[in-house]
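Residue numbers (UniProt numbering): 1 to 202. Heads up: the structure comes next, in structure tokens.
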Amino acid sequence: MGRSDLVEVRRFRRFLGFAAIVTTAFTARASLADHYRVPSGSMEPTVHVGDHIVAWKAAYGLRLPLTEHYLAHFHAPARGDVVVLEPPSAPADGVASPVDGELLGSVLLKRVVAVEGDLVEVKRGRLFIDGQFVEEEHASLASGGGPDFGPVRVPRGQLLVLGDNRGNSRDGRSFGWVARDQVLGRAAAVVTREGHLTYEPL
């Protein structure tokens, strides 16, 4: 093998190494973790407008990159989880209107408040599960309570998500149930606020 051939082999190996790094980074972002800037106040006081959050996309399972198909499910979203989810394409039957104005690029940030089988009601911004009032340390009624919802039982494989800022959030009270497969991951922490690095677990 001549010197020019050796040079070409080295170049090809470097290219393969670079391609492997790019592929690994892409797969990690698509399937493991990602970051988002928060454009609305629907999750205040927990998350503020302009905050950057990190979401653990593998929290509930591993997805095939660029698809909605799960390679493996770990566990289902639980009450209290702050999740990143795909926005609904249309309002569910009997609810007010589709989401608007709260996109994080192409996803939403909300809190899971009810899971399949729960009898859920939201009255003047306060949450009731199976007829019992649920004390929520993160919920704010500073902007009012927003629309009422229920009582209704959460269907199989579905979730109800709300914004912590109950009077200033388009959420499940407007667009209805969220399917588990619409959840892209669990928001792990706020990592920048007002231009400063921070770490505030969610």
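Just so it is clear, CB atoms sit at the ideal spot from N, CA and C, and this is done for glycine as well.
Exercise for the section: May I ask you to report which of helix, strand or coil DSSP gives Phe175? Expected result: Looking at Phe175 - three-state DSSP - the assignment turns out to be helix.
Handout entry: 8 Å Cβ cutoff met for Val178 and Leu85
Key = Contact flag set, yes.
Exercise for the section: For Gly185, name the three-state secondary structure that DSSP assigns. Expected result: Strand.
Exercise for the section: Measure the beta-carbon distance from Arg111 to Gly145 and round it to whole angstroms, keeping in mind my assumption that it falls under 8 Å. Expected result: That pair is no contact at about 15 Å.
Handout entry: Touching by the beta-carbon criterion (3+ pairs, under 8 Å), the stretch 31-47 and the stretch 150-161
Key = Flag = no, the stretch 31-47 and the stretch 150-161 do not touch.
Exercise for the section: Return the CA-CA distance between Gly160 and Gly176, expressed in angstroms with no decimal places. Expected result: Sequence inspection shows Leu at residue 160; the Gly mentioned does not correspond to that position. So the alpha carbons of these two residues sit roughly 7 Å apart.
Problem - Reference Asp130, options Val115, Ala142, Ser42, Val49, closest by Cα - result: When each option's Cα is compared against that of Asp130, the closest is Val115.
Exercise for the section: Starting from His35, follow the beta strand (DSSP E) in both directions and report where the run begins and ends. Expected result: Note, His35: beta strand (DSSP E), 33-37.
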